[in-house]
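Here this note's numbering is used: the first residue of the sequence shown is 1439, the next is one more, and so on.
Let me begin by presenting the structure, written as structure tokens, before commenting on it.
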Amino acid sequence: MASTDSKRSEKVYGTRISKENGYDANIYTYYPISIIGAGESGIAMGCRLKEKFGFDQFCLFDRQSGIGGTWWINRYPGVACDIQAAFYSFSFAQNHKWSSLYPPGPEIIKYLQGVCEKYEIVDKIQLNSEVASCRWNDAEGVWELTIHELVIGIGDLSTYDRDTMLKNQGESSILVRSEKIRAKILISAVGGLVEPNRMPENIPGVEDFQGAIFHSARWRYDIDLKDKNILVSSLKHMGAKAVTQLMRSPPWVVPRQIPPFGFGEEKREKWSPWLNTYIPGFARLRRLYIATRAEYDWRLFGDSKYAENERAELEIALTDYMKKKVPKKYHEILTPKYGVCCKRLVIDGKWFKSLNNKKIVLSTLPLTHVHEDRVTLGSIRESQTAQDGKVAANSTEVIRTDVIILANGFETLNWLHPLEIIGRNGQSLEEVFNERGGPQMYMGSAMDGFPNFFVIFGPNTVTGHSSVVLATENMVNYAMKLAEPILKGDAHSVEVKKEAEMAWTADIQKSLKKRIWNIGGCTNWYKGEDGWNSTTYPYSQVWFSLLCMFPNYNHWNYRYTTKGLIKKRAKTVVQIAALVGLATGLYFTHRAGLRFGWKQGVASARGAGAQLLNALGHSLVRAAGSI
1439 MASTDSKRSE
1449 KVYGTRISKE
1459 NGYDANIYTY
1469 YPISIIGAGE
1479 SGIAMGCRLK
1489 EKFGFDQFCL
1499 FDRQSGIGGT
1509 WWINRYPGVA
1519 CDIQAAFYSF
1529 SFAQNHKWSS
1539 LYPPGPEIIK
1549 YLQGVCEKYE
1559 IVDKIQLNSE
1569 VASCRWNDAE
1579 GVWELTIHEL
1589 VIGIGDLSTY
1599 DRDTMLKNQG
1609 ESSILVRSEK
1619 IRAKILISAV
1629 GGLVEPNRMP
1639 ENIPGVEDFQ
1649 GAIFHSARWR
1659 YDIDLKDKNI
1669 LVSSLKHMGA
1679 KAVTQLMRSP
1689 PWVVPRQIPP
1699 FGFGEEKREK
1709 WSPWLNTYIP
1719 GFARLRRLYI
1729 ATRAEYDWRL
1739 FGDSKYAENE
1749 RAELEIALTD
1759 YMKKKVPKKY
1769 HEILTPKYGV
1779 CCKRLVIDGK
1789 WFKSLNNKKI
1799 VLSTLPLTHV
1809 HEDRVTLGSI
1819 RESQTAQDGK
1829 VAANSTEVIR
1839 TDVIILANGF
1849 ETLNWLHPLE
1859 IIGRNGQSLE
1869 EVFNERGGPQ
1879 MYMGSAMDGF
1889 PNFFVIFGPN
1899 TVTGHSSVVL
1909 ATENMVNYAM
1919 KLAEPILKGD
1929 AHSVEVKKEA
1939 EMAWTADIQK
1949 SLKKRIWNIG
1959 GCTNWYKGED
1969 GWNSTTYPYS
1979 QVWFSLLCMF
1989 PNYNHWNYRY
1999 TTKGLIKKRA
2009 KTVVQIAALV
2019 GLATGLYFTH
2029 RAGLRFGWKQ
2039 GVASARGAGA
2049 QLLNALGHSL
2059 VRAAGSI
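Encoded structure:
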């Protein structure tokens, strides 16, 4: 169903970048498409716009000082991908020369930057530019954006650190100037693993600590960790004097996947680039194999007896693997008390191996107090300890500490935070989320009341088994299909229907109640404290791909331009004419069949004619409604 209201007075915004009101105080730059974020999702959108439509009248805004999003900002030692690189890369820009199955962060950054250069969108990216707010102007049918040009490097800080600088040093310490932007179509490609969690506020003494405290996502390479006593939940520095790792609950750890047919990782790294380059189709077949294998794991997430049995077998295998790799004193605390796949599985790089190092101490004691040069650990969880045997439940331990490294994750449930999005009715996206029970979007991409606004990798689009890049490409292609009439000048706006959004969300939440993330007995970053899961997608990626490939246009309202209405009505007329022609042809075929005694043909013609006449009647009814 589509709206055909074209009588509203609305300024015509073209498909070219322009500067408006040059001598006016209300000066602004118009971009047909504005994309927020220059990470993997934003890059995919920019490249596909150029590849599919030959369209380059857009701009990507990113607050960070470099291209790459999550991979730009997360630079801790050893950062790497946990999905095989052949599958963690764009289908339209394959890299045949990855250095390993799970390449390090710098290599992924180099790949993403290379894609931008290949598709010539580097000049379309505006760095050190924070999109502070976006407001829909319903009278003119455009989004109005406020852009803050930041002091170089300030955008790499967390929101909390920037706000602290603003409070202590003033606006000039972070802000160069502000700019007004208008856009016909607004795309959010804001990543989830960007805003790090802070030190818990209920831990006293933090302000007294004389050493350094930083998050692994904001790694301090200016601090020498050699011969230091480190409190950390990530193990990478064997040059340290001692490292104490705090763990709330153990993860399920899986070994790195071994390539098939006995083709070990060393041989793969040696020969795979050559095979990818010189054997036609090898790279795509390998990517398909990895994707199929990943999709097969989706069977583990349900509540069926089969899924329960599969998970039980996997738990036994992973427990056996853990016991073979780590000292016996860690077996108890490294055995999860929740179902496998309830949290994201952890690929075992060298973590288990590192636990054999005498400098490493693993503990489930929580951090309870920080002092000048030491910390207090106490109130042990489940009476477990990293030392031999068990200790009393109220045991405490004081350890000398020079550096505290936080590896306590990210703010993943504050979708699009701190970006403010105001829709048609003056209501923010956050307010709509709160009214409806939690973060949600139709297809993870759109919300009613927010026309011409698409989110790439929004609520309930995270997979527990597959590649985020696959999901991203699906949503990019989906958004382009829906936005195409606007880019062609056939429509002013497109907006999902409220009933479609609410029905989609109800189905997603109902299905999630039967999935391991909600019933597995763990606390994970997928759910809020109220139990609302706004993160994971409960169905297979094959199904999601099909939904994105074939949009249900009945779930959307278009406001057509005059040109679009003419084309729409002309299309309807052509369809009706075609049906009339077919019906007429069948009628005369039927008459000829009677004349020449084609009894068999007559029966077939009658049936086909009846179906066509019925279809013709429905088309006429629809046409009358649209004209």
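Ideal Cβ positions, reconstructed from N, Cα and C, are used throughout, including at glycine.
Counted as a single uninterrupted DSSP element, the beta strand (DSSP E) harbouring P1470 occupies residues 1466-1474. L1723: member of the alpha helix (DSSP H) spanning 1720-1734, first to last residue. Within the region 1768-1816, the runs of beta strand (DSSP E) that reach at least 3 residues and sit entirely inside it are, in chain order, 1784-1786, 1798-1801, 1805-1808, 1812-1816.
Separation of R1656 and L1631 (C-alpha to C-alpha, rounded to the nearest whole angstrom) is 12 Å.
Contact between I1455 and Y1469 holds, since their C-beta atoms are separated by about 6 Å, short of 8 Å. In this structure, T1910 places its C-beta atom within 8 Å of the C-beta atom of I1894. Between C1497 and Q1551, the C-beta spacing is not below 8 Å. Of K1535, G1887, P1515, I1474, the smallest CA-CA separation from H1653 is found for P1515. Per DSSP, K1562 lies in no alpha helix (DSSP H) and is assigned neither H nor E. In terms of Cβ geometry, H1993 and K1926 do not form a close pair [threshold 8 Å].
Along the region 1631-1663, the beta strand (DSSP E) occurs as fully enclosed runs of 3 or more residues at 1650-1653, listed in sequence order.
Ranking A1721, F1790, A1621 by CA distance to the CA of Q1683 puts F1790 first. Going by DSSP, A1921 is part of the alpha helix (DSSP H) stretching over 1906-1925.
Distance from the CA of N1852 to the CA of S1883, rounded to the nearest whole angstrom, comes to 16 Å.
Beta-bridge partners of E1858 (DSSP): S1571.
The beta carbon of S1904 lies closer than 6 Å to those of A1732, Q1979 in the same chain, with the five residues before and after it left out. Taken through DSSP and simplified to helix, strand or coil, I1842 comes out as strand. Per the Cβ contact rule, the region 1571-1578 is in contact with the region 1857-1871 (3 or more Cβ pairs under 8 Å). Counting C-beta pairs closer than 8 Å gives fewer than three between the region 1596-1605 and the region 2010-2027, which falls short of the contact rule. Going by C-alpha positions, I1521 is about 11 Å away from L1783. V1560 has its alpha-carbon roughly 43 Å from the corresponding atom of C1960.
Q1683 is bridged by DSSP to V1670, L1800.
Taking the C-beta atoms as reference points, D1594 is found nearer than 8 Å to I1511. Taking C-beta atoms as the reference points, C1779 and I1954 count as a pair closer than 8 Å. Three or more beta-carbon pairs separated by less than 8 Å link the region 1706-1725 to the region 1530-1537, which places the two stretches in contact. Apart from sequence neighbours up to five positions away, the residues of its chain that approach N1863 with a beta-carbon distance below 8 Å are G1887, ordered along the chain. Around the Cβ of F1739, a 10 Å sphere holds 16 or more other Cβ atoms; the residue is buried. Beta bridge pairing from DSSP links P1693 with D1786. For I1585, there is no enclosing alpha helix (DSSP H); the residue is part of the beta strand (DSSP E) that begins and ends at 1580-1588. Counting the other CB atoms within 10 Å of its CB gives Q1502 a total of 16 or more, which places it among the buried residues. Contact between Y1975 and T1901 is confirmed by a C-beta separation of about 6 Å, below the 8 Å threshold. For K1919, the closest alpha carbon among the candidates M1603, Y1996, K1952, F1647 is that of Y1996.
Just so you know, the alpha carbons of I1547 and N1795 end up roughly 31 Å apart. Taken atom to atom, the span from the alpha-carbon of N1667 to that of Y1759 is near 30 Å. Here the C-alpha atom of F1982 lies approximately 45 Å from the C-alpha atom of L1663. Note: P1515 is not bridge-paired with any residue in the DSSP secondary-structure output.
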